[in-house]
Amino acid sequence: MNHFQGRYLSWSLAEGVIEIALHRDPCNEIGLLALEELETFTGALDGLVRDTHALIVHSTLKAGFCAGADLRELYFRSKEMEKARAVEGVRDFLERIHKVLNAIDAAPLTTIAAVHGVTFGGGFELALVCDLIIADKLARFCFPELRLGLIPGFGGIPRLKRDVGNGVVRDLLLTGRSLNANKAQAVGLVSQVVAEGEALRAARATAVQLGKFDRRTAIAAKKFIKPIPYHELKQEIDLFCQLFAEPAVERGLQKFVESTDAQPYLP
Numbered sequence: 002m003n004h005f006q007g008r009y010l011s012w013s014l015a016e017g018v019i020e021i022a023l024h025r026d027p028c029n030e031i032g033l034l035a036l037e038e039l040e041t042f043t044g045a046l047d048g049l050v051r052d053t054h055a056l057i058v059h060s061t062l063k064a065g066f067c068a069g070a071d072l073r074e075l076y077f078r079s080k081e082m083e084k085a086r087a088v089e090g091v092r093d094f095l096e097r098i099h100k101v102l103n104a105i106d107a108a109p110l111t112t113i114a115a116v117h118g119v120t121f122g123g124g125f126e127l128a129l130v131c132d133l134i135i136a137d138k139l140a141r142f143c144f145p146e147l148r149l150g151l152i153p154g155f156g157g158i159p160r161l162k163r164d165v166g167n168g169v170v171r172d173l174l175l176t177g178r179s180l181n182a183n184k185a186q187a188v189g190l191v192s193q194v195v196a197e198g199e200a201l202r203a204a205r206a207t208a209v210q211l212g213k214f215d216r217r218t219a220i221a222a223k224k225f226i227k228p229i230p231y232h233e234l235k236q237e238i239d240l241f242c243q244l245f246a247e248p249a250v251e252r253g254l255q256k257f258v259e260s261t262d263a264q265p266y267l268p
């Protein structure tokens with residue numbers, strides 16, 4: 002399958018490069034639909050990589066790359082069931098999304114996140130899965146989960162620790178503050194900052210450059226320099242589920258859902 006058109010995302014393969022386009026209003030929130038279509042992609046990935054040297058993930062929406070988990074869906078689904086069943090459902094969702102993101106993380110090709118605007122929560126975690134992050138100058142990175150009584154749940158903590166120093170990790174996780182693109186580059190999170198609206202173009206140019214080199218060398222180098230912290234990822238799921246059972250989380254989700262702000266995910 003060299004192309005796919007879904008309600009949340011689309012992908013196509015041309016000249017050795019896969020492009021995944023996120024296009025679900027309002028800002029590519031990750032819920033069950035996104036998960037199912039991401040699973041469709043990773044299910045096709047083994048067949049795609051034979052003819053591929055690079056993967057680009059980007060958003061077609063003006064608001065940004067991705068605002069994170071679909072908190073409204075999470076809240077209303079959880080309200081429909083008793084707490085124990087809700088936690089069980091959250092664990093199942095997290096285990097599925099981790100399987101998807103681990104597959105992209107370990108894919109035998111070079112992966113590039115071309116981000117702009119809002120890159121928060123689960124969207125930030127999706128970017129962290131990629132080997133390179135190219136950001137336009139208006140991109141902002143944030144883990145706002147603290148305001149809900151939660152931690153990132155899609156693998157953000159272990160992957161952020163893999164990429165940057167502990168001071169940056171603690172600041173992002175404990176304060177809920179955001180990083181702009183220049184600061185993100187300065188701490189080693191972003192590989193390239195470009196002009197507004199130019200992230201996808203820069204990612205495509207990088208993909209062309211990658212195609213000039215031996216693919217086997219790139220695969221070997223990636224395995225060596227980018228280990229996947231599977232044990233810590235499992236621990237993150239356990240801690241998220243433990244926190245999700247707390248009453249403070251339900252109150253935080255309710256406050257988010259009842260907010261009249263146009264973009265309540267903004268810090």
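All letters in the sequence shown, in the order written, are residues 2 to 268 by this note's numbering. The beta carbon of each residue, even a glycine, is placed where N, CA and C say it ideally should be. As the structure is a prediction and not an experimental result, all values here were calculated from the model.
So, does the stretch 240–260 touch the stretch 171–190, judging by three or more C-beta pairs under 8 Å? no
So, using beta-carbon positions, are residue 116 and residue 208 closer together than 8 Å? For this step, residue 116 is matched to residue 115 along the sequence shown. For this step, residue 208 is matched to residue 207 along the sequence shown. No.
Extent of the continuous beta strand (DSSP E) to which residue 104 belongs: Residue 104 sits at position 103 when you count from the first residue of the sequence shown. From DSSP, residue 104 is part of no beta strand (DSSP E) but of the alpha helix (DSSP H) over 84–107.
Pick helix, strand or coil for residue 141, following the three-state DSSP scheme. Residue numbering aside, residue 141 sits at position 140 when the sequence shown is read from its first letter. Reduced to three states, the DSSP call for residue 141 is strand.
Indicate the three-state DSSP secondary structure (helix, strand or coil) for residue 289 in the structure shown. As displayed, the chain neither begins before 2 nor continues past 268, which places residue 289 out of reach and without an answer.
Inter-residue spacing [alpha-carbon to alpha-carbon] between residue 103 and residue 52: One-based indexing of the sequence shown puts residue 103 at position 102. One-based indexing of the sequence shown puts residue 52 at position 51. In a straight line, the C-alpha of residue 103 is about 21 Å away from that of residue 52.
Bridge partner(s) assigned by DSSP for residue 5: Locating residue 5 in the sequence shown gives position 4, counting from the first residue. Beta-bridge pairing links residue 5 to 12.
Please report the distance separating the alpha-carbon of residue 55 from that of residue 5. Along the sequence shown, one-based indexing puts residue 55 at 54. Along the sequence shown, one-based indexing puts residue 5 at 4. When rounded, the distance between both Cα atoms is 17 Å.
Specify, as a first and last residue, the run of the alpha helix (DSSP H) that residue 48 falls within. Locating residue 48 in the sequence shown gives position 47, where the first residue counts as 1. Residue 48 -> alpha helix (DSSP H) spans 33–49.
Residue of 126, 120 and 215 minimising C-alpha distance to residue 60: Stepping through the sequence shown from its first residue, residue 60 is reached at position 59. The shortest Cα separation from residue 60 among 126, 120 and 215 belongs to 120.
Using 8 Å as the threshold, is the C-beta distance between residue 255 and residue 76 below it? For this step, residue 255 is matched to residue 254 along the sequence shown. For this step, residue 76 is matched to residue 75 along the sequence shown. Cβ distance < 8 Å, so residue 255 and residue 76 count as in contact.
From what residue to what residue does the alpha helix (DSSP H) around residue 79 run? The residue given as residue 79 occupies position 78 in the sequence shown. Per DSSP, residue 79 belongs to the alpha helix (DSSP H) from 72–80.
Among 39, 125 and 217, nearest to residue 190 - alpha-carbon criterion: Taking the sequence shown and counting its residues from 1, one reaches residue 190 at position 189. Nearest C-alpha to residue 190: 125.
Checking 8 Å against the spacing of the C-beta atoms, do residue 87 and residue 79 come in under that value? As a working note, residue 87 is residue 86 in the sequence shown. As a working note, residue 79 is residue 78 in the sequence shown. Cβ distance < 8 Å, so residue 87 and residue 79 count as in contact.
For the beta strand (DSSP E) holding residue 152, just list the boundary residues, first then last. Translated into positions along the sequence shown, residue 152 becomes position 151. Segment: none, residue 152 is in no beta strand (DSSP E) and carries neither H nor E.
DSSP beta-bridge partners for residue 65? Here residue 65 is taken as the residue at index 64 of the sequence shown, counted from 1. 118 and 119, per the DSSP bridge assignment.
Do you know whose CA, among 257, 261, 231 and 240, lies nearest residue 99's CA? Locating residue 99 in the sequence shown gives position 98, counting from the first residue. That would be 231, whose Cα lies nearest to the Cα of residue 99.
Give the list of continuous alpha helix (DSSP H) stretches no shorter than 4 residues that lie fully inside the stretch 184–212. 200–211
Can you tell me whether residue 203 is buried or exposed? The criterion is at least 16 other CB atoms within 10 Å of its CB, across all chains shown. Working through the sequence shown from its first residue, we reach residue 203 at position 202. Result: buried.
Nearest-angstrom Cβ-Cβ length linking residue 71 and residue 122, presumed shorter than 8 Å: Counting from one through the sequence shown, the residue named residue 71 turns up at place 70. Counting from one through the sequence shown, the residue named residue 122 turns up at place 121. Rounded, the Cβ-Cβ distance is 10 Å, inconsistent with contact.
In this structure, what does DSSP give as the bridge partners for residue 55? Counting from 1 along the sequence shown, the entry for residue 55 is found at position 54. Answer is 18 and 111.
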